[in-house]
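To start, the structure itself, in structure tokens.
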Amino acid sequence: MSSTTPVYHYFELGRLGRGEVLYLFLKDAGIEIKEVRYPYDDSWAENSKKLQQRGITRPGKLPALEYQGTVLTQHIPILRFFARDLGRYDGETNAEKFVVDAVSDIYIDWRSQWVANLTEKSEKYRNEVSPGYYKLLGQYYEDRAGPYLLGDKVTYADFAVYQSIDNDERTGTLPPLPKSLITFRGVFEQRPNIAAYIRENLQT
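Plus 153 on top of the position in the sequence shown (first one is 1) and you've got my numbering.
Now the structure itself:
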């Protein structure tokens with residue numbers, strides 16, 4: 154591992170932290186990283202201040218990624234950064250880029266509500282927010298032949314969508330999925346680096 158290896162700062166959240174969207178993306182892209190994980194407990198307030206003082210995270214939140222002399226924060230903007238940097242994982246036309254950005258923004262809205270209900274899921278989240286979110290996503294995935302959002306090419310938004318499915322399943326709040334998302338999930342989990350990761354962490 155070279156001195157230029159990206160340094161990935163994230164919470165140690167056990168099963169909920171293992172499949173974080175950015176981590177899966179970097180795995181899929183074959184980008185080697187050094188992980189620095191922090192307990193999400195009473196020590197986080199102090200660790201947050203230290204990271205802010207070091208310039209690792211301005212908002213005092215994670216994830217944060219040190220990459221080629223730049224500090225990147227907030228996982229969707231980081232995914233967009235790498236999609237542009239790598240020249241893949243995004244739409245090719247302006248219309249395709251719009252779809253990818255739109256779905257990733259829908260994910261951001263879902264994520265804020267999922268986090269707010271992480272300790273104890275409300276009935277509104279379980280019966281309205283989560284089902285409505287996947288119904289909307291299903292419509293986007295049905296627009297093309299699939300299995301991915303843009304058809305046969307994976308984008309950064311697909312990683313976010315997959316992570317939301319995994320998170321809701323782990324917290325017992327995943328509703329029945331539209332057929333398009335069931336197909337997407339099955340194909341996504343067969344991507345070589347993703348499949349290897351899942352096998353390695355099957356029991357954790």
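Each residue gets a CB set at the ideal place from its N, CA and C atoms; glycine is no exception.
Practice task
Note down, one range per segment and in chain order, each alpha helix (DSSP H) of at least 4 residues found wholly within the segment 163-244.
Solution key: 168-171, 174-182, 197-206, 228-239
Handout entry: Buried or exposed by the 16-neighbour rule on C-beta atoms within 10 Å, applied to D243
Key = buried
Problem - Where V252 sits in the DSSP three-state scheme - result: helix
Exercise for the section: Keeping to the same chain, check which residues put their C-beta closer than 7 Å to that of D238; ignore five residues upstream and five downstream. Expected result: none
Exercise for the section: Check whether the Cβ atoms of I318 and R297 lie closer than 8 Å to each other. Expected result: no
Exercise for the section: Starting from G304, follow its DSSP beta bridges and name the residues at the other end. Expected result: Y301
Exercise for the section: Measure the C-alpha to C-alpha separation of Q221 and R344 and round it to an integer number of angstroms. Expected result: 27 Å
Exercise for the section: Determine the extent of the alpha helix (DSSP H) in which P345 is found, giving its start and end residues. Expected result: 345-353
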